[in-house]
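Enquirer: Provided herewith is a single structure, encoded as structure tokens, for subsequent inquiry.
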Amino acid sequence: MRWWDIDQVLELEKELFPEDTWSRGMFWSELAHSRGPNATRRYVVAEEDGRIVGYAGLAATGEQGDIQTIAVARDHWGSGLGSRLLAELLRAATDFECTEVLLECRVDNVRAQKLYERFGFEPIGFRRGYYQPGNVDALVMRLSDPAASVTPVTPVGPVPPATEDDGVEGTETHG
Ligand SMILES: CC(C)(COP(=O)(O)OP(=O)(O)OC[C@H]1O[C@@H](n2cnc3c(N)ncnc32)[C@H](O)[C@@H]1OP(=O)(O)O)[C@@H](O)C(=O)NCCC(=O)NCCS
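In our numbering, the protein residues as written are 3 to 177.
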């Protein structure tokens, strides 16, 4: 993703995240950290015939990667594009030498959770009232060893129960 993509990205952002839309400034700020030798971000877009139909971003802090956002145009859902974007972020996490990747996801976003589970993410806790307004909880999910999960894996057996975590810190992410 480059700065000239932001207009199209914002259109998708407003439609797909109507309650916690990122501003233009947030995308500018993220992209400012995505270039050069000290880059800590990787943002990608998926384009079809000049139209942006998906985007995703990862932040790396030391050995921890965070999925900042991931989104696919509604008319492309179920085509495997979400999986391709997530795989690209996990490749980036591997390049940043992250040993784990974390994300927050609305507890009611079952579709996204299924996508993450297919790549081996496991629920590790909740952040109460993370998404404002609306006071919606976030499910925190974690993937250890992103290098081993750049292709989806089918989870075997039940995933461990999530635990409580009331601490809300940092930028509100939707990935
Ligand atoms: C979550 C989101 C990114 C998923 O994107 P997607 O492109 O639909 O993801 P995929 O196509 O890879 O996978 C979704 C489904 O398509 C199926 N699928 C994957 N590849 C496929 C293919 N080649 N052909 C047909 N179906 C396929 C998957 O099995 C999956 O089915 P499931 O719902 O039963 O698990 C998308 O729904 C979205 O943008 N949602 C709104 C924003 C959002 O909530 N982002 C996440 C915030 S935490």
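All C-beta atoms, glycine included, are put in the ideal place defined by N, C-alpha and C.
Using C-beta distances below 7 Å, list every residue in its chain close to Thr-153, excluding the 5 sequence neighbours before and after it, in chain order.
Expert: In the sequence shown, the residue the question calls residue 153 occupies position 151. Once the five neighbours on either side are set aside, the close Cβ partners of Thr-153 are Ala-89.
Enquirer: In the DSSP assignment, find the alpha helix (DSSP H) that holds Gly-84 and state where it starts and stops.
Expert: The residue given as residue 84 occupies position 82 in the sequence shown. From DSSP, the alpha helix (DSSP H) with Gly-84 extends over 83 to 97.
Enquirer: Taking 7 Å as the cut-off, is the CB of Trp-79 close to at least one heavy atom of ligand 1?
Expert: Counting from one through the sequence shown, the residue named residue 79 turns up at place 77. Checking every heavy atom of ligand 1 against the Cβ of Trp-79, one is found closer than 7 Å.
Enquirer: Taking contact to mean at least 3 C-beta pairs separated by less than 8 Å, is the region 53 to 63 in contact with the region 86 to 104?
Expert: Enough Cβ pairs lie closer than 8 Å, so yes.
Enquirer: Consult DSSP for Phe-128 and reduce its assignment to one of helix, strand or coil.
Expert: In the sequence shown, the residue the question calls residue 128 occupies position 126. Phe-128 falls in the strand class under three-state DSSP.
Enquirer: In terms of residues, what are the limits of the beta strand (DSSP E) holding Ala-62?
Expert: On the sequence shown, residue 62 is found 60 positions in, with the first residue counted as 1. Residues 53 to 63.
Enquirer: Taking the beta strand (DSSP E) that Arg-142 falls in, what are its first and last residues?
Expert: Here residue 142 refers to the residue found at position 140 when the sequence shown is read from its first residue. Here the sequence assigns Val to residue 142, which means Arg is not the residue at that position. Per DSSP, Val-142 belongs to the beta strand (DSSP E) from 138 to 146.
Enquirer: Can you tell me which of the three DSSP states Ala-149 falls into?
Expert: Residue numbering aside, residue 149 sits at position 147 when the sequence shown is read from its first letter. Three-state DSSP puts Ala-149 in a helix.
Enquirer: Quick one: Cα of Cys-107 to Cα of Gly-67, how far?
Expert: Reading the sequence shown from its first residue, position 105 is the one you call residue 107. Reading the sequence shown from its first residue, position 65 is the one you call residue 67. So the alpha carbons of these two residues sit roughly 15 Å apart.
Enquirer: By the DSSP assignment, the alpha helix (DSSP H) with Glu-21 in it spans what residues?
Expert: Here the question's residue 21 lines up with position 19 in the sequence shown. Where Glu-21 is concerned, there is no enclosing alpha helix (DSSP H), given that its DSSP letter is neither H nor E.
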